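Protein chains in written order, with the working numbering: chain D, 3 to 95; chain C, 3 to 95. By construction, the Cβ of each residue, glycine as well, lies at the ideal position given by its N, Cα and C atoms. Note that this is a predicted model, so its numbers are computed, not measured. Some notes on the structure that comes next.
Protein chains: 2
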Amino acid sequence: MTTNDDNIVKIAKALSDKTRLKILGEIAKKKSITCSEAEKIAGLSQPTVSHHLKILTEAGLLNTVKDGRFLIITVNKKALDEFSGLISTSISK
Amino acid sequence: MTTNDDNIVKIAKALSDKTRLKILGEIAKKKSITCSEAEKIAGLSQPTVSHHLKILTEAGLLNTVKDGRFLIITVNKKALDEFSGLISTSISK
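This is how it looks when you write it as structure tokens:
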């Protein structure tokens, strides 16, 4: 068991849910959103969005920066690229 | 919900388990294995290996070909590469 495998498992779990893919896609499309905008993502309740944002953030797939009294959320595309690299490394090791 | 997202979810679920990553890594290292060799992968019982091989195969991550009375299993590296592409497409759409 390597740290690479731990990271793959964490990110793969975060990506293995349609709602989270939808949230990631929406944030990427808008480039960045605030927390309150995230709560308005089509057809989802605030607790549902919060739950999924937490999982995506813990997997390193979202960046959150404070801008005054707003939290700005962006997709961490570098982490997604690195995930692809981790898979190749792990499977080909 | 797109077919792309369905595929991402299926493959991400298959990759979100340490044991399955271990099995994939072992098969890739040996290039190909038979079903009975797969059952000998370090420290795993035959039913456990069978269960994980089924999930990996259903996600399209393993190729299985019949060679006489043996089933030969290989890693579908093309599917892994396509998975990375699907993520980029889905998140950037």
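Counterpart residues of residue i in DSSP-defined beta bridges
i, result
"residue 97 of chain C", "Residue 97 of chain C is absent from the model: chain C starts at 3 and stops at 95."
"residue 64 of chain C", "C:77"
Sub-8 Å separation of residue i and residue j beta-carbons
i, j, result
"residue 10 of chain C", "residue 64 of chain D", "no"
"residue 51 of chain D", "residue 25 of chain D", "yes"
"residue 6 of chain C", "residue 66 of chain C", "no"
"residue 61 of chain D", "residue 93 of chain D", "no"
"residue 58 of chain D", "residue 40 of chain D", "no"
"residue 82 of chain D", "residue 89 of chain C", "yes"
Alpha helix (DSSP H) segment containing residue i, residue limits
i, result
"residue 47 of chain D", "Where residue 47 of chain D is concerned, there is no enclosing alpha helix (DSSP H), given that its DSSP letter is neither H nor E."
"residue 13 of chain C", "5-17"
Residue i classed as buried or exposed, judged by whether at least 16 other C-beta atoms fall within 10 angstroms
i, result
"residue 22 of chain D", "buried"
"residue 85 of chain D", "buried"
"residue 3 of chain C", "Note on residue 3 of chain C: pLDDT 48, under 50, position unreliable in the model; the coordinate value appears next. Counting Cβ neighbours within 10 Å, residue 3 of chain C comes out exposed, since fewer than 16 surround it."
Element boundaries [beta strand (DSSP E), containing residue i]
i, result
"residue 35 of chain D", "34-36"
Quiz item: Should the region 14-33 of chain D be called in touch with the region 64-79 of chain D, which here means at least 3 C-beta pairs below 8 Å?
Solution: yes
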